[in-house]
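Just so it is clear: in the sequence shown, position 77 is 77 by UniProt numbering, and no numbers are missing.
Every residue gets a Cβ at the ideal spot worked out from N, C-alpha and C, and that includes glycine.
Reading through the structure tokens given below for one structure.
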Amino acid sequence: MKLLVVSDLHFSLPQFDWIAQQAERFDVVIIAGDLLDVAGHLDLDSQITVVVKYLRTISAKTRLLACSGNHDGDEKNESQEYVARWLQRVRAAGLTVDGAGVDLNGLRLSVCPWWDGPATREKMRAFLRTERAAATGAWLWVHHAPPDGVGVSWTGKAHAGDAFLVETIAELAPDFVFSGHIHNSPFRSGGAWAARVGRTWVFNPGRQSGAPPAFIELDLERRTARWVSQAGDEEVSLDAAEAPQSTGS
Numbered sequence: 001m002k003l004l005v006v007s008d009l010h011f012s013l014p015q016f017d018w019i020a021q022q023a024e025r026f027d028v029v030i031i032a033g034d035l036l037d038v039a040g041h042l043d044l045d046s047q048i049t050v051v052v053k054y055l056r057t058i059s060a061k062t063r064l065l066a067c068s069g070n071h072d073g074d075e076k077n078e079s080q081e082y083v084a085r086w087l088q089r090v091r092a093a094g095l096t097v098d099g100a101g102v103d104l105n106g107l108r109l110s111v112c113p114w115w116d117g118p119a120t121r122e123k124m125r126a127f128l129r130t131e132r133a134a135a136t137g138a139w140l141w142v143h144h145a146p147p148d149g150v151g152v153s154w155t156g157k158a159h160a161g162d163a164f165l166v167e168t169i170a171e172l173a174p175d176f177v178f179s180g181h182i183h184n185s186p187f188r189s190g191g192a193w194a195a196r197v198g199r200t201w202v203f204n205p206g207r208q209s210g211a212p213p214a215f216i217e218l219d220l221e222r223r224t225a226r227w228v229s230q231a232g233d234e235e236v237s238l239d240a241a242e243a244p245q246s247t248g249s
């Protein structure tokens, strides 16, 4: 099974176009948050209309998973925390998004919402605890913020990841976590696109302008992960004892 993973598209239509063109080559496409751009020139409602069309186009070609990021909240819940209600509406159309899990060829894939406060954080943890019972084989999470304290959360000056995610990984021990959020982690000295938290592989493809986006190909038959970006092309064996050293600048 081959998976294509991207993140932080921020309403880049050339990047959405590229994903739609490549989708049929993969068994699964994963978008790890920040589909929208709150700082963009187009209002969020208009962005949502366009992005939903892309999501439906991609999902007609292959299995699509998408989680929300900090740019994707369009409403507040009863706790006044931002949530991506618009993603829940496309979930009703058959897409696998925030708070949903799916089994594919023995792999359990769990899609986590962006948490904006204690209520959404606890809801996410409860969701993952429930998902653990369904994960009879390998287990993969999609979670926008990367775990703190490892290369995939390095900004070039400091780690800016999610400490709560580190705790949750330690408790539940998934096999893979795909994130984004910290755009330059793979491109900075001391940063990385792949790292380990305990036995768990954690990934962040990073963000670049234009098409294609920086992306990761996960090949579960070959047991490899491959990162492709304007900085080059790197590959790691999933059976390696350690994650690769940073090659960022």
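Rounded distance between the beta-carbons of residue j and residue i, thought under 8 Å
{"i": "Ile216", "j": "Val5", "result": "4 Å"}
{"i": "Gly33", "j": "Gly69", "result": "3 Å"}
{"i": "Val111", "j": "Val97", "result": "6 Å"}
Collapsed DSSP secondary structure at residue i in the structure displayed
{"i": "Arg108", "result": "strand"}
{"i": "Pro205", "result": "coil"}
{"i": "Leu42", "result": "coil"}
{"i": "Leu87", "result": "helix"}
{"i": "Pro147", "result": "strand"}
{"i": "Arg196", "result": "strand"}
{"i": "Val97", "result": "coil"}
{"i": "Thr224", "result": "strand"}
Straight-line Cα distance separating residue j from residue i
{"i": "Arg129", "j": "Leu172", "result": "7 Å"}
{"i": "Ala23", "j": "His10", "result": "19 Å"}
{"i": "Pro213", "j": "Ala119", "result": "33 Å"}
{"i": "Glu234", "j": "His144", "result": "22 Å"}
{"i": "Ala135", "j": "Arg108", "result": "5 Å"}
{"i": "Gly156", "j": "His183", "result": "10 Å"}
{"i": "Arg63", "j": "Asp27", "result": "6 Å"}
{"i": "Gly191", "j": "Leu44", "result": "31 Å"}
{"i": "Val38", "j": "Asp72", "result": "8 Å"}
{"i": "Gly117", "j": "Trp86", "result": "19 Å"}
{"i": "Gln88", "j": "Leu13", "result": "22 Å"}
{"i": "Ser189", "j": "Leu35", "result": "27 Å"}
Residues bridged to residue i [DSSP beta-bridge criterion]
{"i": "Ser153", "result": "Answer by DSSP bridge pairing: none, since Ser153 is not bridged."}
{"i": "Pro14", "result": "For Pro14, which the question treats as bridged, DSSP gives no partner whatsoever."}
{"i": "Tyr82", "result": "Lys76"}
{"i": "His159", "result": "Trp154"}
{"i": "Thr130", "result": "Looking at the DSSP assignment, Thr130 forms no beta bridge with any residue, so it has no partner."}
{"i": "Ser7", "result": "The partner list for Ser7 (beta bridge, DSSP) is empty, contrary to what the question assumes."}
{"i": "Trp139", "result": "Arg108"}
{"i": "Asp233", "result": "Val228"}
{"i": "Arg63", "result": "Val28"}
Close-in-space but distant-in-sequence residues of the same chain around residue i (CB under 7 Å, 5 per side omitted)
{"i": "Asp17", "result": "Ala211"}
Beta-carbon proximity list for residue i, same chain, < 6 Å, skipping 5 on both sides
{"i": "Lys61", "result": "Ala23 and Glu24"}
{"i": "Arg226", "result": "Glu217 and Glu235"}
{"i": "Val228", "result": "Phe215"}
{"i": "Val52", "result": "Val90"}
Cut-off 8 Å between Cβ atoms - residues of its own chain near residue i, not counting five sequence neighbours on either side
{"i": "Gly106", "result": "Thr136, Gly137 and Ala138"}
{"i": "Ala240", "result": "none"}
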